[in-house]
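Step one of this worksheet: look at the structure below.
There are 2 protein chains.
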Amino acid sequence: MADAGDGLLGVLGGMGPLAGAVFAARLVALTDAQRDQDHVPTLLCNDPRVPDRSSARLGQGDDPLEAMVAGLQLLERAGATLIAIPCNTAHFWYEQMALRTRVPLLHIVQAVCDDLQALGAQGPIGLMGTPATLQQGLYQGPLEACGYSVLCPDEVGLAQCVQAIAAVKGNRPQEAFAPAAACIRSLQARGARAVVLGCTELPLAVPHERRAAFGCVLTDSIDALARAALAHRRRAETAKWQQPSASPA
Amino acid sequence: MADAGDGLLGVLGGMGPLAGAVFAARLVALTDAQRDQDHVPTLLCNDPRVPDRSSARLGQGDDPLEAMVAGLQLLERAGATLIAIPCNTAHFWYEQMALRTRVPLLHIVQAVCDDLQALGAQGPIGLMGTPATLQQGLYQGPLEACGYSVLCPDEVGLAQCVQAIAAVKGNRPQEAFAPAAACIRSLQARGARAVVLGCTELPLAVPHERRAAFGCVLTDSIDALARAALAHRRRAETAKWQQPSASPA
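Here you go:
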């Protein structure tokens, strides 16, 4: 595996573009740094011309795989040694993408599961996301493998997720909070003790400063993926120092 | 000149990294878009390993030119057809950078001057920035050429700029507002009717929602540069449609 400890973090963004940019910003904010030079070198490919992932999975749109692979290969050619993809639905193509690049890809669902466990979240876990993510079970298996029971939104809740996501993608974030909040509340009313914001537009719909009011763990798939990237770099750095041949220059 | 109307916008970020990421986010927010695919394809090289620009200009640090050129050439190889550099101080090397890439580079000082004029700002213009930007006159000539008189911070104000910038670069944005606000207020007290936030950390020190309280035009060099990129793309798009051979596909 490439040495990610001091390499370039590639970010396959654009899905959507605000989520890609905010991922880059949250990565900076979550890094322990005192000056520019302490931060993670990052290359963000924020190309939004990728066909819609949820529509494709539901048989209603073009396949995004080749556009995503083109982005991954751009990042690989530019020197990325680790890649993060801040789009949940894109992870339905994770294995196909991983076969087309030599660069290791973080997995956003694994990052969210790790985050839930690090936060000490208890189930049942409410799940929010795109129609494809919810209906085709991107999260359900991994969450159940961690011992969590999973609650999916009902039809009204699904429509609220779709509305919140579309408002963020359409540059109307102020219209995104109300439907997202209504969906969180209805999952809580059904017993959810934590809610996964399992589409990278959803953390943008529910600003950080408004989260405490819900009184439950809200796992943010942007922050979880950024933390996974930082943890991966720390592990690579530690491994480098532990190699007998490494000189601590 | 390359066709920037439908090409990839390169962003030479990392100076600092939060400013680079926020530039990408503001570009999205300022775009007239209804869905992912309407946004500007962007490639952000957010590599913070560039030596400090202000220190270098003041003879106190390594020359950043080769690191910046490496970033520009990475963006060029990856297909950028226009490049924005969200760092004011880096523009002391503008001509040297422009000689080392075939891709047109936007100029942040020009973008700020255009923005001041579009906002109908009246002088005198207060100027904030890094020590090098203020002491070596990055802005003074261009602003005077637009007919503006310019007010620079006194010694206390310069220290406030440095403190605000360092707090943002050190991931302590909550400590950045007070010194930045004090500098704005002292420039206003001396007669400034508009203030240029002439370092890309400064817009992060003074959040958008707190700006109206100052009662004067605050020109944000991140937003000005994002608007310049969008305007450049619109002009390239218009030019393409006006070519007799172009087919409006």
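Which chain is which? The protein sequence lines are A and B, in order. With this note's numbering, letter number 109 in the first sequence gets 168, and the count goes up by one each step, no holes. With this note's numbering, letter number 131 in the second sequence gets 190, and the count goes up by one each step, no holes. Cβ coordinates follow ideal geometry from the N, Cα and C atoms, glycine included. Quick caveat: nothing in here was measured; it's all calculated off a predicted structure.
Supposed close pair residue i, residue j - CB separation, criterion 8 Å
| i | j | result |
| --- | --- | --- |
| residue 71 of chain B | residue 144 of chain B | 5 Å |
| residue 282 of chain A | residue 89 of chain A | 7 Å |
| residue 196 of chain B | residue 93 of chain A | Between residue 93 of chain A and residue 196 of chain B the Cβ distance is about 29 Å, and since that is not below 8 Å, they are no contact. |
| residue 246 of chain A | residue 217 of chain A | So it is not a contact: roughly 11 Å between Cβ atoms. |
| residue 239 of chain B | residue 223 of chain B | 4 Å |
| residue 28 of chain A | residue 288 of chain A | Any question about residue 28 of chain A goes unanswered here, given that chain A covers just 60 to 308. |
| residue 312 of chain B | residue 84 of chain A | Lying before the first or after the last residue shown, residue 312 of chain B is absent from chain B, which here runs from 60 to 308. |
| residue 160 of chain A | residue 131 of chain A | 5 Å |
| residue 142 of chain B | residue 164 of chain B | 5 Å |
Bounding residues of the alpha helix (DSSP H) (the contiguous stretch that carries residue i)
| i | result |
| --- | --- |
| residue 192 of chain B | 190–194 |
| residue 74 of chain A | Element bounds for residue 74 of chain A: n/a, residue is neither H nor E. |
| residue 281 of chain A | 280–301 |
| residue 124 of chain B | 124–136 |
| residue 265 of chain A | Note, residue 265 of chain A: premise wrong, no alpha helix (DSSP H); not H, not E. |
| residue 173 of chain B | 167–177 |
| residue 247 of chain A | 236–248 |
| residue 217 of chain B | 214–228 |
| residue 153 of chain B | 153–157 |
| residue 200 of chain A | 199–204 |
| residue 115 of chain A | 112–116 |
Interface flag, residue i vs chain A, CB-CB below 7 Å
| i | result |
| --- | --- |
| residue 160 of chain B | no |
| residue 283 of chain B | no |
| residue 107 of chain B | yes |
| residue 104 of chain B | yes |
| residue 147 of chain B | no |
| residue 228 of chain B | yes |
| residue 96 of chain B | yes |
| residue 137 of chain B | yes |
| residue 80 of chain B | yes |
| residue 190 of chain B | no |
| residue 261 of chain B | no |
| residue 75 of chain B | yes |
| residue 141 of chain B | no |
Min CB distance residue i to chain B below 7 Å
| i | result |
| --- | --- |
| residue 93 of chain A | yes |
| residue 84 of chain A | yes |
| residue 238 of chain A | no |
| residue 170 of chain A | no |
| residue 123 of chain A | no |
| residue 290 of chain A | no |
| residue 101 of chain A | yes |
| residue 87 of chain A | yes |
| residue 133 of chain A | yes |
| residue 66 of chain A | no |
Proximal residues to residue i (C-beta, below 7 Å), its chain only, five neighbours per side dropped
| i | result |
| --- | --- |
| residue 290 of chain A | none |
| residue 76 of chain A | 105, 107 |
| residue 312 of chain A | Residue 312 of chain A lies beyond the stretch modelled for chain A, which goes from 60 to 308, so this question has no answer here. |
| residue 98 of chain A | 87, 90, 92 |
| residue 155 of chain A | 124 |
| residue 127 of chain A | 71, 109, 149, 152, 156 |
| residue 111 of chain B | 120 |
Residue interval of the beta strand (DSSP E) (run including residue i)
| i | result |
| --- | --- |
| residue 184 of chain A | 184–187 |
| residue 142 of chain A | 139–143 |
| residue 104 of chain A | 101–105 |
| residue 256 of chain B | 253–256 |
Cutoff 6 Å; reference residue i; Cβ partners in own chain excluding five residues on either side
| i | result |
| --- | --- |
| residue 251 of chain B | 183, 185, 210 |
| residue 191 of chain B | 113, 116, 117, 148 |
| residue 265 of chain B | 239 |
| residue 100 of chain B | 67 |
| residue 167 of chain A | 147, 150, 280, 284 |
| residue 276 of chain B | 178, 180, 253 |
Beta-carbon proximity list for residue i, same chain, < 8 Å, skipping 5 on both sides
| i | result |
| --- | --- |
| residue 212 of chain A | 185, 186, 187, 193, 219, 220, 242, 245, 246 |
| residue 176 of chain A | 205 |
Beta-carbon neighbours of residue i, restricted to chain C and to distances below 8 Å
| i | result |
| --- | --- |
| residue 278 of chain B | Absence of chain C from the displayed structure is noted, the protein chains being A and B. |
Exercise. Does the segment 127–140 of chain B come within contact of the segment 174–184 of chain B, defined as at least 3 CB pairs closer than 8 Å?
Worked result: The segment 127–140 of chain B vs the segment 174–184 of chain B: no contact.
For this session: For the segment 229–241 of chain B and the segment 199–214 of chain B, state whether three or more C-beta atom pairs, one from each stretch, are separated by less than 8 Å.
Result: With the cut-off at 8 Å, the segment 229–241 of chain B and the segment 199–214 of chain B do not touch.
For this session: Spell out a yes or no on whether the segment 163–175 of chain A and the segment 241–260 of chain A are touching, meaning 3 or more CB-CB pairs, one atom from each, closer than 8 Å.
Result: In this structure the segment 163–175 of chain A touches the segment 241–260 of chain A; the number of beta carbon pairs closer than 8 Å is three or more.
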